Amino acid sequence: MKETDFKNQVVVVTGAGQGLGRAYAELFASRGAAVVVNDTGFGEDGQALADKVAEFIRASGGEAVSIKESVAERDSVKRIVEGTLQRYGRIDALVHNAGIVRDRPILEMSDEAFNNVLNVHLYGSFYLLQEIHPVMCRQDYGRIVLITSSAALHGVATQTNYAAAKAGIFGLVQAYKEELSGRNIQCNMVAPLAVTQMTSESINPDFHKFLKPEKVAPMVAYLCSKECTFSGCLYAAGAGYYGRIGIFWSNGVYFSNDTVSIEDIAENLEKISDMKNSTHISSSIHSARKFMRNVFKQINS
Ligand SMILES: NC(=O)c1ccc[n+]([C@@H]2O[C@H](COP(=O)([O-])OP(=O)(O)OC[C@H]3O[C@@H](n4cnc5c(N)ncnc54)[C@H](O)[C@@H]3O)[C@@H](O)[C@H]2O)c1
1 MKETDFKNQV VVVTGAGQGL GRAYAELFAS RGAAVVVNDT GFGEDGQALA DKVAEFIRAS
61 GGEAVSIKES VAERDSVKRI VEGTLQRYGR IDALVHNAGI VRDRPILEMS DEAFNNVLNV
121 HLYGSFYLLQ EIHPVMCRQD YGRIVLITSS AALHGVATQT NYAAAKAGIF GLVQAYKEEL
181 SGRNIQCNMV APLAVTQMTS ESINPDFHKF LKPEKVAPMV AYLCSKECTF SGCLYAAGAG
241 YYGRIGIFWS NGVYFSNDTV SIEDIAENLE KISDMKNSTH ISSSIHSARK FMRNVFKQIN
301 S
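Residue numbering for the sequence shown follows the numbering used here, starting at 1 and increasing by one per position.
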């Protein structure tokens, strides 16, 4: 099989100063990409994390530059994009991986904690897409991966802010993929699991050695490669597991009577809720067809 390479490609990885982002940045660099290592964080020695990773990549024979601007504000996102273009002239791939958590039970969740998390994950995604979209359209090429989380899909107590932000990314990508139709730009998502400074305290130490960020990186890199020709998909990656996560609708129940009562719902709830033989719904047209099947049947009868 032909080896996937990123030679002559420029890849921006946000939050690449440590953890998962660092693993992504190092994999891209090892396959020939010029990597923009974006991160606002600092190590205990006072050195910027982004500088450290960019230096490490260069010392290993790769090409990298650090940009220490925040993804959480419009103007600094503009500087990430402008800085990349000034240095390398193009952006082939973006991985928006930067992240924070500010966990609190709902009644203790301040507006500030809620907004800060949304700003980094969701508004950061929005700003980055808006600033990078024209660049990728000019190139007629681009690959984007936004990082979400299983916490958004299934919920973790104390993470209403994080779940809302990460679920928002899912919706953002579904709408954005429709706007990409016909272009050679693909946008997908990854829900990772790995031990990093964000997760190490919540994961049993016995499992740490199995949950390396390097195990997530190949999935992200594939979705950023020329080989990836689809959009709107969400993949799970971690501990050696790689799988797709989709939206399934139950077969449900169609009532053809003009009025439907609360009791009709109550009596049929088991059937309405039954996920056996459910259908994967991958677009809004597909979902509209699901709603309208009964209507079309009645019109055509
Ligand atoms: N580790 C997991 O198991 C896991 C699970 C699900 C989702 N995620 C997501 O994966 C991503 C990476 O997580 P991680 O575990 O490597 O965490 P991490 O804390 O090790 O790395 C996140 C990095 O983002 C940087 N960052 C934070 N705010 C920023 C900003 N405004 N601008 C630029 N950089 C900023 C931080 O300085 C940090 O270096 C996050 O989006 C996280 O929510 C991680």
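No residue lacks a Cβ here, since even glycine has one placed at the ideal position from N, Cα and C.
As the structure is a prediction and not an experimental result, all values here were calculated from the model.
- For Asn184, same chain residues with a beta-carbon under 7 Å away, outside a window of 5 residues either side, are Asp140 and Tyr141 in chain order.
- In this structure, the beta-carbon distance from Val195 to Ala237 does not fall below 8 Å.
- Under the three-state reduction of DSSP output, Glu214 falls in the helix class.
- Under the three-state reduction of DSSP, Met198 is assigned to coil, being neither helix nor strand.
- CA-CA distance, Gly240 to Met219, rounds to 10 Å.
- A distance below 8 Å separates the beta carbons of Phe42 and Leu49.
- Across the structure, His121 and Ala72 are spaced so that their CA atoms are roughly 8 Å apart.
- Between the beta-carbon of Glu63 and that of Val35 there is about 7 Å, and that keeps the pair under the 8 Å contact cut.
- Only buried fits Glu26, as 16 or more other CB atoms lie within 10 angstroms of its CB.
- For Leu128, the uninterrupted alpha helix (DSSP H) run begins and ends at Gly124 to Gln139, by DSSP.
- Taking the Cα of Ser283 as reference, the smallest distance to any Cα among Ser231, Tyr254 and Cys137 is reached at Ser231.
- The residues Val117, Leu118, His121 and Leu122, in chain order, have a CB closer than 6 Å to that of Ala165 in the same chain once the five nearest residues on each side in sequence are set aside.
- The secondary-structure analysis by DSSP pairs Gly243 across a beta bridge with Ala236.
- Between the beta-carbon of Gly21 and that of Val13 there is about 5 Å, and that keeps the pair under the 8 Å contact cut.
- Its Cα nearest to that of Lys52, the residue Gly17 stands out among Gly17, Lys68, Thr148 and Glu69.
- Bridge partners of Val190 according to DSSP: Ile147 and Tyr235.
- For His121, the Cβ falls inside the 7 Å cut-off from some heavy atom of ligand 1.
- Between the stretch 130–138 and the stretch 99–106 there are fewer than three C-beta pairs closer than 8 Å, too few to call the two in contact.
- The alpha-carbon of Arg289 is positioned some 13 Å away from that of Gly252.
- Classified as buried, Leu128 has 16 or more neighbouring CB atoms from the shown chains inside 10 Å of its CB.
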